[in-house]
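In the working numbering, the protein residues as written are 10 to 167.
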Amino acid sequence: MLRDRFPHAHLEILGSKHIASLAQKRFYADEVRSIESAALAKFFAKDAELPSDLVAYFASFDFILSYLYDPDKIFEANVRKTGATNFLAGVSKLDNSDHAARQLARPLATLGLSLFDSAARIFPTEADRESIQHFRRSDGQKFVVAIHPGSGSETKNW
Numbered sequence: 010m011l012r013d014r015f016p017h018a019h020l021e022i023l024g025s026k027h028i029a030s031l032a033q034k035r036f037y038a039d040e041v042r043s044i045e046s047a048a049l050a051k052f053f054a055k056d057a058e059l060p061s062d063l064v065a066y067f068a069s070f071d072f073i074l075s076y077l078y079d080p081d082k083i084f085e086a087n088v089r090k091t092g093a094t095n096f097l098a099g100v101s102k103l104d105n106s107d108h109a110a111r112q113l114a115r116p117l118a119t120l121g122l123s124l125f126d127s128a129a130r131i132f133p134t135e136a137d138r139e140s141i142q143h144f145r146r147s148d149g150q151k152f153v154v155a156i157h158p159g160s161g162s163e164t165k166n167w
């Protein structure tokens, strides 16, 4: 939704890099930054002295959307201290009320965005495509790949 609405925007994901990297340079995100850093931990502490490089990092964004669990809004308050004024907190825990994509998309309605198709799309890079060339079909037909990443556990069947 964000990329469709803002095709030329620089979009970054701050999250678990081993997961978020699936979106990096594949349409959804230009960059991915790991949330697992000692310096970033200060953003989760009340009245902490924030690292200047991360202050500049957060201040560089026009809009920040967070799905982090932040019940006391400590992370949000610290991000706002950087000068980032457009901060939107989304749901941090999904429930069984609706498809995960629709739950994650709800806060974006404040930007006038609507989710029309909850199906995930994968946009492989040229390097991704090259890495599977050794799987060519012997009959010359188009090679089709099906991917089901799962939801993480038997209790999270989205």
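Beta carbons are placed, not taken as given, at the ideal position from N, Cα and C, and that holds for glycine.
> Along the chain, which unbroken stretches of the alpha helix (DSSP H) at least 4 residues long are found entirely within the stretch 54-128?
Replying inline: 61-68, 83-90 and 109-114
> Which of helix, strand or coil does DSSP assign to E40?
Replying inline: strand
> Where I22 and A65 are concerned, what is the direct C-alpha to C-alpha distance, given to the nearest angstrom?
Replying inline: 16 Å
>> In the DSSP output, what is Q142 paired with across the bridge?
In response: Answer is none; Q142 lacks a bridge partner.
> How is the beta strand (DSSP E) around L23 delimited, first residue to last?
Replying inline: E21 to G24
> With 16 other CB atoms within 10 Å as the buried threshold, where does T91 fall?
Replying inline: buried
> Would you call the CB atoms of F84 and F53 closer than 8 Å?
Replying inline: yes
>> Can you confirm whether the stretch 114-121 touches the stretch 10-18 when touching is taken to mean that 3 or more C-beta pairs between the two stretches lie within less than 8 Å?
In response: yes
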